[in-house]
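Student: First, the structure itself, so that you have it in front of you.
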Amino acid sequence: MEENASLMKPLVLAYIGDSVYSVYVKKRIIEEIPGNVFKLHLKTCEYVKAAAQAETVKYLWDDLSENEQNIVKRGRNAHSHTVPKNADVTDYRFATGFEALIGFLYLDGQNERLEEIMKKSYDHITDKEHEGENE
C-alpha cells in the first residue's frame, strides 16, 4: 500500500485517517480518564469534531513539510457531497484535510511522523481545553 498512498484520492485518505485518529484518541482517553462508555464517548467527541481538527491543523501548519501541507490542501479542497449539520463548512473542510494527512501518513508507513502529529494534535486540544477551565 505504501507506494500508492500519494496517488489516492484525498477523500479516501480522509476516510482512513478519520478511523486511525479516532482509535488513537479513544486509546489515549481510556488510558487517562476512568469512566463509563458514555463519558468516554463525550470526551472523544471533543477531540474528533470538525472544529477541533480544524483548529489543530492550523496550529500544526508551520511544522508540516511542504508535502504534508499539500496533502492537507488536497483534502481541504476535495468536493464532499455532505457536511454534518453540526459542523461549520470551513471547519469541516480543514478537518477533512487533517484526516487526509493522517490517512496518508498511515498508508505511507510513516508511523513515527504519524504518532508525532497525532500526539501534538491531542496535546494541543487538551491544552486548549485546560485554558478554558482556567478562565
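-3 is the number of the first residue of the sequence shown in the working numbering; add one for each residue after it. Ideal Cβ positions, reconstructed from N, Cα and C, are used throughout, including at glycine.
(1) Taking 7 Å as the limit between beta carbons, can you name the residues of its chain near V53, skipping five residues before and five after?
(2) Nearest to L36 by CA position, among D14, S117, K22 and V8, is which residue?
(3) How about D14 and A47: are their beta carbons less than 9 Å apart?
(4) Given this structure, state the Cα-to-Cα distance separating K5 from L101, to the nearest angstrom.
(5) Buried or exposed: where does L3 fall if 16 or more other Cβ atoms within 10 Å of its Cβ makes it buried?
(6) Please tell me whether K116 and L56 are closer than 9 Å, where the distance is taken between their beta carbons.
(7) Buried or exposed: D104, going by 16 or more other Cβ atoms within 10 Å of its Cβ?
(8) For S61, which of L7, R109 and I12 has the nearest alpha-carbon?
(9) When DSSP labels each residue in this structure, what does M4 get in the three-state scheme?
(10) Buried or exposed for G31, going by 16 or more other Cβ atoms inside 10 Å?
(11) Exposed or buried, which one is L38 when buried takes at least 16 other CB atoms within 10 Å?
(12) Go ahead and label E127 buried or exposed: buried means 16 or more other beta carbons lie within 10 angstroms of its beta carbon, across all protein chains shown.
(13) Any idea what DSSP makes of D58, helix, strand or coil?
(14) Let's test the definition: count the other Cβ atoms within 10 Å of the Cβ of I29 and tell me whether it reaches 16, buried, or not, exposed.
Tutor: Well, looking at it:
(1) Counting from 1 along the sequence shown, the entry for residue 53 is found at position 57. Within the same chain, V53 has close Cβ partners V68, F90, G93 and F94.
(2) For the purposes of this step, residue 36 is identified with residue 40 of the sequence shown, where counting begins at 1. Checked all of D14, S117, K22 and V8; the closest Cα to L36 is K22.
(3) The residue given as residue 14 occupies position 18 in the sequence shown. The residue given as residue 47 occupies position 51 in the sequence shown. Not in contact: D14 and A47 (Cβ atoms no closer than 9 Å).
(4) Residue numbering aside, residue 5 sits at position 9 when the sequence shown is read from its first letter. Residue numbering aside, residue 101 sits at position 105 when the sequence shown is read from its first letter. Roughly 14 Å between the two C-alpha positions.
(5) Numbered from 1 along the sequence shown, position 7 holds the residue referred to as residue 3. The residue is exposed, with fewer than 16 neighbouring Cβ atoms inside 10 Å.
(6) To locate residue 116, count along the sequence shown from 1; it is residue 120. To locate residue 56, count along the sequence shown from 1; it is residue 60. Yes, they are a contact pair.
(7) Position 108 of the sequence shown holds residue 104. It counts as buried.
(8) Working through the sequence shown from its first residue, we reach residue 61 at position 65. The option with the nearest alpha carbon to S61 is R109.
(9) Taking the sequence shown and counting its residues from 1, the one referred to as residue 4 is at position 8. Here M4 sits in coil by DSSP.
(10) The residue you call residue 31 lines up with position 35 of the sequence shown. It is exposed - the Cβ of G31 has fewer than 16 other Cβ atoms within 10 Å.
(11) As a first step, residue 38 must be located in the sequence shown, where it is residue number 42. Burial call: exposed.
(12) Sequence index remark: in the sequence shown, residue 127 carries index 131 (1-based). It is exposed - the Cβ of E127 has fewer than 16 other Cβ atoms within 10 Å.
(13) In the sequence shown, counting from the first residue as 1, residue 58 sits at position 62. Helix, per DSSP.
(14) Counted from its first residue, the sequence shown places residue 29 at position 33. Result: exposed.
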